[in-house]
Structures are given as C-alpha cells and as structure tokens.
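Report on the structure given below.
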Amino acid sequence: MPKNVENFEIRTLGRDDYAQAAEIFAFVHTLHQANRPDIYRKTNVPLGEGEFFKMCDDPHEIMLCAVRDGKILGLARTVMRENAGDAVTLSRVRAVMEELAVLPQAQGMGIGTALLYASEAEAKRRGAESLELMVWSFNKSAMRFYESAGMTVRSLVMEKKL
Numbered sequence: 003m004p005k006n007v008e009n010f011e012i013r014t015l016g017r018d019d020y021a022q023a024a025e026i027f028a029f030v031h032t033l034h035q036a037n038r039p040d041i042y043r044k045t046n047v048p049l050g051e052g053e054f055f056k057m058c059d060d061p062h063e064i065m066l067c068a069v070r071d072g073k074i075l076g077l078a079r080t081v082m083r084e085n086a087g088d089a090v091t092l093s094r095v096r097a098v099m100e101e102l103a104v105l106p107q108a109q110g111m112g113i114g115t116a117l118l119y120a121s122e123a124e125a126k127r128r129g130a131e132s133l134e135l136m137v138w139s140f141n142k143s144a145m146r147f148y149e150s151a152g153m154t155v156r157s158l159v160m161e162k163k164l
C-alpha cells in the first residue's frame, strides 16, 4: 500500500518549473547513461531550458508533475501523435509517454501511479485511443510497475551489437 497517497497534488508543469524538472530529467538521464553508455552521453544538463520551454508550450504535449510543499517529486511527459494511416494501417490518435519519473526519496508514495492515471485521463480527453511507452530491458522495476497498472507488451525492439 502506498504511503502518503493524498499528500501531494498533480498539476501541469510550467516554464517556472524548469529548475526542479531539470533535476528529475537529470536523475533519469543518469540511470539511462549508467545502463546504456553506448547510447547516452555523460552530461549534467540533459535538458536545456529552451527545450523545456518548447515542451511546455507545445499543444501536443501533456506535461504533469506531482508537488508537495512546493517541491516537484515526480513528472510525466506524454506526446499526442496522430497517424494518418495508409494502405495497410488504420488512422488513429495515440499518446506516447516519453517520461515518467519519481525522485528516489518519493518512490512508493503513489506518485507514479497518480501521474500515469492523470496522463491517461488527459490523453483520453484529447482523443487518444491508446497510451504507449518504451521501457529499457534493464529497468525491471519500471516493467513491473507498468504491468501492475494494466499495460501489456505490444512489441519488442531487439538488438545485436555489431
């Protein structure tokens, strides 16, 4: 059972949140860089202010955060994508979750679940037929989390280093 489930609020991320959001993006980047140094560069600033502002201003982005006492404890970023369809595929609207991260000291409080469900609700409100995301195979705890939230594997990306 999550602790302190009611002790935070979910709200939209805004431009004024850059410094705190950058801390969470850096946390995620460090995890990815440590596990996939063949893909991720070492950097202390994986998300610049300008890039963050573009995400905040983009009407296709759903940018949410969980806040307690003025401190952002977690965030979720989901992008609305429309596929036109072609001779073999149907047109559809989908939501692609690009980030969902909770600071280590705030994990187990229900923040990730609240951010996921709030993102799902907003994506559905905007017309999405599905919510999709990619999880690195090294991140077993994330896979368990998403499965417990009702997500299933749709496809697998396989790799062979050459």
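Here this note's numbering is used: the first residue of the sequence shown is 3, the next is one more, and so on. The beta-carbon is built from N, C-alpha and C at its ideal position, and this holds for glycine as well.
Judged by DSSP secondary structure, Leu75 falls within the beta strand (DSSP E) whose first and last residues are 73-85.
Spatial neighbours of Asn37 in its own chain (CB-CB distance under 7 Å, excluding positions within 5 residues in sequence) are listed in chain order as Trp138, Phe140. Gly76 is not a Cβ neighbour of Ile41, given a cutoff of 8 Å. With contacts defined as CB atoms closer than 8 Å, Thr154 and Ala125 fail to qualify as a contacting pair. Cβ-Cβ distances below 8 Å link Ala68 to Phe10, Glu11, Ile12, Ile74, Leu75, Gly76, Leu77, Val104, Ala108, Ile113, Ala116, Leu117 in the same chain, with the five nearest sequence neighbours on each side left out; the list follows chain order. In this structure, DSSP gives Ser143 a helical state, which the three-state scheme calls helix. Of the candidates Met57, Arg83, Gly110, Met57 places its Cα closest to the Cα of Gly16.
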